[in-house]
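Protein chains in written order, with our numbering: chain A, 329 to 584; chain B, 329 to 584; chain C, 329 to 584; chain D, 329 to 584.
Protein chains: 4
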Amino acid sequence: MKRIDLNCDMGESFGAYTIGMDKEVMAHITSANIACGFHAGDPLVMDRTVKLAGENHVGVGAHPGYPDLLGFGRRPLACSEEEITRYIIYQVGALMGFCRAHGVVLQHVKPHGALYLDAVDNETVARGVAKGILAVDPDLLFVALAGKKGETMRQVGAELGLNVVYEAFPDRAYTPEGTLVSRKLPGAVISDPDAVAQRALAMAEGYVIAVDGTRIDLEAHSLCVHGDNPAAVALVKTIRQTLEAGGIQVVPMGRK
Amino acid sequence: MKRIDLNCDMGESFGAYTIGMDKEVMAHITSANIACGFHAGDPLVMDRTVKLAGENHVGVGAHPGYPDLLGFGRRPLACSEEEITRYIIYQVGALMGFCRAHGVVLQHVKPHGALYLDAVDNETVARGVAKGILAVDPDLLFVALAGKKGETMRQVGAELGLNVVYEAFPDRAYTPEGTLVSRKLPGAVISDPDAVAQRALAMAEGYVIAVDGTRIDLEAHSLCVHGDNPAAVALVKTIRQTLEAGGIQVVPMGRK
Amino acid sequence: MKRIDLNCDMGESFGAYTIGMDKEVMAHITSANIACGFHAGDPLVMDRTVKLAGENHVGVGAHPGYPDLLGFGRRPLACSEEEITRYIIYQVGALMGFCRAHGVVLQHVKPHGALYLDAVDNETVARGVAKGILAVDPDLLFVALAGKKGETMRQVGAELGLNVVYEAFPDRAYTPEGTLVSRKLPGAVISDPDAVAQRALAMAEGYVIAVDGTRIDLEAHSLCVHGDNPAAVALVKTIRQTLEAGGIQVVPMGRK
Amino acid sequence: MKRIDLNCDMGESFGAYTIGMDKEVMAHITSANIACGFHAGDPLVMDRTVKLAGENHVGVGAHPGYPDLLGFGRRPLACSEEEITRYIIYQVGALMGFCRAHGVVLQHVKPHGALYLDAVDNETVARGVAKGILAVDPDLLFVALAGKKGETMRQVGAELGLNVVYEAFPDRAYTPEGTLVSRKLPGAVISDPDAVAQRALAMAEGYVIAVDGTRIDLEAHSLCVHGDNPAAVALVKTIRQTLEAGGIQVVPMGRK
Chain A
329 MKRIDLNCDM
339 GESFGAYTIG
349 MDKEVMAHIT
359 SANIACGFHA
369 GDPLVMDRTV
379 KLAGENHVGV
389 GAHPGYPDLL
399 GFGRRPLACS
409 EEEITRYIIY
419 QVGALMGFCR
429 AHGVVLQHVK
439 PHGALYLDAV
449 DNETVARGVA
459 KGILAVDPDL
469 LFVALAGKKG
479 ETMRQVGAEL
489 GLNVVYEAFP
499 DRAYTPEGTL
509 VSRKLPGAVI
519 SDPDAVAQRA
529 LAMAEGYVIA
539 VDGTRIDLEA
549 HSLCVHGDNP
559 AAVALVKTIR
569 QTLEAGGIQV
579 VPMGRK
Chain B
329 MKRIDLNCDM
339 GESFGAYTIG
349 MDKEVMAHIT
359 SANIACGFHA
369 GDPLVMDRTV
379 KLAGENHVGV
389 GAHPGYPDLL
399 GFGRRPLACS
409 EEEITRYIIY
419 QVGALMGFCR
429 AHGVVLQHVK
439 PHGALYLDAV
449 DNETVARGVA
459 KGILAVDPDL
469 LFVALAGKKG
479 ETMRQVGAEL
489 GLNVVYEAFP
499 DRAYTPEGTL
509 VSRKLPGAVI
519 SDPDAVAQRA
529 LAMAEGYVIA
539 VDGTRIDLEA
549 HSLCVHGDNP
559 AAVALVKTIR
569 QTLEAGGIQV
579 VPMGRK
Chain C
329 MKRIDLNCDM
339 GESFGAYTIG
349 MDKEVMAHIT
359 SANIACGFHA
369 GDPLVMDRTV
379 KLAGENHVGV
389 GAHPGYPDLL
399 GFGRRPLACS
409 EEEITRYIIY
419 QVGALMGFCR
429 AHGVVLQHVK
439 PHGALYLDAV
449 DNETVARGVA
459 KGILAVDPDL
469 LFVALAGKKG
479 ETMRQVGAEL
489 GLNVVYEAFP
499 DRAYTPEGTL
509 VSRKLPGAVI
519 SDPDAVAQRA
529 LAMAEGYVIA
539 VDGTRIDLEA
549 HSLCVHGDNP
559 AAVALVKTIR
569 QTLEAGGIQV
579 VPMGRK
Chain D
329 MKRIDLNCDM
339 GESFGAYTIG
349 MDKEVMAHIT
359 SANIACGFHA
369 GDPLVMDRTV
379 KLAGENHVGV
389 GAHPGYPDLL
399 GFGRRPLACS
409 EEEITRYIIY
419 QVGALMGFCR
429 AHGVVLQHVK
439 PHGALYLDAV
449 DNETVARGVA
459 KGILAVDPDL
469 LFVALAGKKG
479 ETMRQVGAEL
489 GLNVVYEAFP
499 DRAYTPEGTL
509 VSRKLPGAVI
519 SDPDAVAQRA
529 LAMAEGYVIA
539 VDGTRIDLEA
549 HSLCVHGDNP
559 AAVALVKTIR
569 QTLEAGGIQV
579 VPMGRK
């Protein structure tokens, strides 16, 4: 029986500021990427988000980012490999503190925003991230981009001995070469819920229909979904139902 | 054979800013209280300080503070018990990340600056700190103030099941009641190196000479020393030599 | 003809985080207290909020707070008078930069949250705030608490030569002594919109009905209103209509 | 009589952290670039540095940087033109607050570190900086890189109507094309004090000897010097003496 994980960014609130519908979406996903206080999140938010994930049997992951709260971690910051490695250790360690507090095992690490994109584009950044994960716990899963574009990022993780989880985006268009269509181009993001759900099902079965209509292979272990607003939460529910109706087992990426 | 620990604040540099003579003092102490990025310290500083402590067989401790880099954690910030607990979990977890990276076991937690003083004065703060330590790892030692003034802080830790380490200050004057003389009063801080070293020896033997000349009992397991400048480092060396010449075993607080 | 000002906190969003319905409420108020980046707000938010206020002919004020974004400036932080003065100069100066950019004259300064409450309770804090305002521009209005409780804060401002604006809270209950009923007590906050609007009208006319039913004098030049949610915005509209229907001129506090 | 300005970065301390020998160097320079709290500096440091500059009749300038205290503003951060403009307005406004407090007129703005280098390389960044300066006060001088490499940065400022001050670096080697030799290459930084002083004199006279020995024209109105350590301070003194002995008038860049 085929299986897939649904991962979603969580715990992005900060102090008096709230972002995301964490409670609502937690019931439908299988892995949570929890912000660690650098680009978003704070100790109180991390505590209650880890607790919430544990109660929902959702796999807990760290979602480290650049130290840029003002920019929500979406702006590239020129860091050395060593800086990135230490930033990862710090953030993953901090989240692990909350995992210990709630008797939960940390499952995975997925870099956030510009750090993720830089790791895709830049081997040094990818290595900085992977070394940080390795330093804290070599059993942590490293979530990296599926498809051709993610090869370097995934290879860097694999060479260091990490278990790499391939992540695909059901709401994003893919080129025939298996890379994401740039957000600057029209049609890059797919908004029709049923179309997104069918793409999720295809991805769970190992392929995706590219923008030119060709069917291309795409190995994916986890699908990235969103929980920003009621429509997004409804979409996650639809995706999950479509996957299960299609005979796919929806389970945390770390489930043996 | 009597034994005592020498603890010192470490890793208080931040980015381009340097404070403390960590390398020089590390050779003479037995436990390091390492700043965790809230009041001082950053991921690069924490990494190299944990590494340095490990190489010197010095016990590694977390030194969490209020989130007030601008005030170096020296200003009371009105926080709830829950906030303090989460701030402790976050900071201790982050330092634990670096301990894992360097194959070192985290030994203790000592709150910093205003957080320490508030924990002495205020049971709620003490409980917030102790619960945070407990949540991450109940085997972590909780460093609390020796003498009468520290009773509440120590009791809170003990009631929660933590192993409490009693800390005394050889360079500070004590009242006949066994409390520290306020820094606002003359003679609160003792500057003569030999006098400080002799007081350290007395503390290791279980007593201290109060400001009125009386000898009072003082149970202490660890002595707080400083590494801010060359004179401070020289003093640490003198204290250690005096202790060892006096037949005291100077070992990390966590050594069995 | 009697006159009153309606002031509201504004520009409390930060980076990707949004708080408040600034656009909606700006049409109904006469003075905006704009966060300055310490407890809330950032350069982009400040820029667009000053611009919005200018377009709506709303008086622009600085709303400086403690340097505690994590706590939204709601937690007392033990600062010296000198620290507070410098924090005020910095924040007021920064907002003045945006006023210059948009051809707007800065009208007033109202401390935020815990800094406001500490200035009410503590003469040293009040002096720190007032000296900071004075240092930047002695023509800036200093918004301070109306009623008996605010006497010290207002006196400190007046003694330094500042023009002090007395601020009352139409949605808060007052004791017969003319002080705010503590938020910890039942009935401290009045939620019925018509009751709040009638109280605003009474305040504009120089009195308030205390919790025991007695009518007490209360000199107020500005009324604090809120714009956090649709109901709050509707309430501001109701208050303004009630004031104008009652023959009160609703104008910025600084209007000659 | 020829004239030149000597500018130096100042006010880079933060909280408990001290950087630079501000007091010592202030006696020898004519313009101070004062950090504004984003990459370095804080309200207390800004206050005392503006005061010190005023007392020494040194021209006061804002030294705004990227919001990256952790990286001391030395790391490129991908910001939009609008973000940079607002960051400049905020920081320049804040420093202007302290200028008002001390009765000093703000003279110039010089971007710091990576923001300066990005403005040299990238027209969008240069425009963001220049627009921010213009928005606060069109009379502020804009300090930009002298020589061929600085053409774009200077042109952007001039086109917006700013008065641009050309800055050269006496301790840096120049190529025959009039650009700075990369710091990655040997000989990029000149360490011999007399050589640096002679180069400063040549620059004040309108030329520099390039690495290949050719004499090239270089228009410079201000020379950048450093005050990090005793040797740097001594060098500033030597430079000034050499300039004055060579018949150069050493005055603030804004002196009419």
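Here a beta-carbon is modelled for each residue, glycine too, at the ideal position from N, C-alpha and C.
Since we're looking at a predicted model, the values are computed, not measured.
| query | Whole beta strand (DSSP E) runs in the stretch 350-404 of chain B with 3 or more residues, listed along the chain? | reply | 359-363 and 387-391
| query | CA-CA distance, B:ALA560 and B:GLU352? | reply | 10 Å
| message | On the DSSP bridge list, what partners appear for A:TYR502? | response | A:LEU508
| field | Cα-Cα separation, C:ASP449 to C:ILE362 | value | 23 Å
| task | Please list the segments of the alpha helix (DSSP H) lying wholly inside the stretch 402-431 of chain A, counting only runs of 4 or more residues, in order along the chain. | result | 409-429
| Can we say the stretch 562-582 of chain B touches the stretch 363-383 of chain B, given the rule of at least three CB pairs closer than 8 Å? | no
| Alpha-carbon spacing of A:HIS391 relative to A:HIS554, whole angstroms | 14 Å
| message | Out of D:VAL517, D:GLN526, D:GLU533 and D:LEU405, which one is the CA nearest neighbour of D:ALA501? | response | D:VAL517
| task | Could you tell me if C:GLU487 is buried or exposed, where buried requires 16 or more neighbouring beta carbons within 10 angstroms of its beta carbon? | result | exposed
| Chain-ordered residues of the stretch 401-412 of chain A with a beta carbon less than 7 Å from chain D | ARG403, PRO404, LEU405, ALA406 and CYS407
| request: In the DSSP assignment, find the unbroken alpha helix (DSSP H) run with B:LEU469 in it and report its ends. | output: From DSSP, B:LEU469 is part of no alpha helix (DSSP H) but of the beta strand (DSSP E) over 469-473.
| field | contact_flag[the stretch 435-446 of chain A, the stretch 435-449 of chain B] where n(CB pairs < 8 Å) is 3 or more | value | no
| said: Assuming C:GLY425 and D:TYR444 are in contact, meaning their beta carbons sit under 8 Å apart, how far apart are those beta carbons, in whole angstroms? | reply: That belief does not hold up - the Cβ atoms of C:GLY425 and D:TYR444 are roughly 20 Å apart, past 8 Å.
| request: Please check the pair D:GLY365 and B:LEU397, which I expect to be a contact at CB under 8 Å, by giving their CB distance rounded to whole angstroms. | output: Actually they are not in contact, since the Cβ atoms of D:GLY365 and B:LEU397 sit about 12 Å apart, beyond 8 Å.
| task | Would you list the residues sitting across from B:ALA496 in a DSSP beta bridge? | result | B:LEU551
| query | Of the choices A:ALA454, A:GLN483 and A:ASP337, whose alpha-carbon is the least far from that of A:PHE400? | reply | A:ASP337
| message | Can you tell me whether B:PRO580 is buried or exposed? The criterion is at least 16 other CB atoms within 10 Å of its CB, across all chains shown. | response | buried
| said: Helix, strand or coil, according to DSSP, for A:VAL437 in the structure here? | reply: strand
| task | Figure out for me which residue from A:ASP350, A:ALA472 and A:LYS476 has the closest Cα to the Cα of A:LEU551. | result | A:ALA472
| request: Verify the CB distance criterion: does B:ASP500 have a CB-CB separation below 8 Å to chain A? | output: Note that residue 500 of chain B corresponds to Arg in the displayed sequence, not to Asp. B:ARG500 does not count as touching chain A.
| request: Alpha carbon to alpha carbon, how far is B:GLU410 from B:ALA463? Give it in angstroms, no decimals. | output: 12 Å
| For B:ARG331 and B:VAL578, the rounded distance between their alpha carbons | 6 Å
| Quick one: which chain D residues come within Cβ less than 9 Å of A:PRO296? | No statement about residue 296 of chain A is possible, as the shown extent of chain A runs from 329 to 584 and does not include it.
| said: Whole angstroms are fine: how far does the CA of C:THR480 sit from the CA of A:SER408? | reply: 53 Å
| task | Residues of the stretch 481-499 of chain A with a CB closer than 8 Å to any CB of chain B: list them in chain order, please. | result | none
| If you drop the 5 nearest sequence neighbours on each side, which residues of the same chain put their C-beta closer than 6 Å to that of C:HIS430? | VAL378, LYS379 and GLY382
| Supposed contact pair C:GLY485 and C:PRO466 - C-beta distance, whole angstroms, cut 8 Å | That pair is no contact at about 11 Å.
| field | DSSP three-state assignment for C:ILE461, whether helix, strand or coil | value | helix
| message | Checking 8 Å against the spacing of the C-beta atoms, do A:PRO504 and A:MET531 come in under that value? | response | no
| message | So, for C:ILE575: in the same chain, excluding its five sequence neighbours on each side, which residues have a beta-carbon less than 8 Å away from its beta-carbon? | response | Note that residue 575 of chain C is Gly in the sequence shown here, rather than Ile. Here the set comprises MET329 and LYS330.
| Would the beta-carbon of A:GLU482 fall within 8 Å of that of A:TYR494? | Per the sequence shown, residue 482 of chain A should be read as Arg rather than Glu. In contact: A:ARG482 and A:TYR494 (Cβ atoms closer than 8 Å).
| What's the gap between the Cα of A:GLY339 and the Cα of C:HIS367? | 21 Å
| said: According to DSSP, D:ASN491 sits in a beta bridge with which residue or residues? | reply: D:LEU469
| field | Cβ distance (whole Å) where B:ILE416 is taken to contact B:GLY478 below 8 Å | value | Incorrect: roughly 18 Å between the Cβ atoms, too far for contact.
| For C:LEU445, does the three-state DSSP call read helix, strand or coil? | helix
| Which residues, in order along the stretch 361-373 of chain C, keep a beta-carbon less than 8 Å from a beta-carbon of chain A? | ALA368 and ASP370
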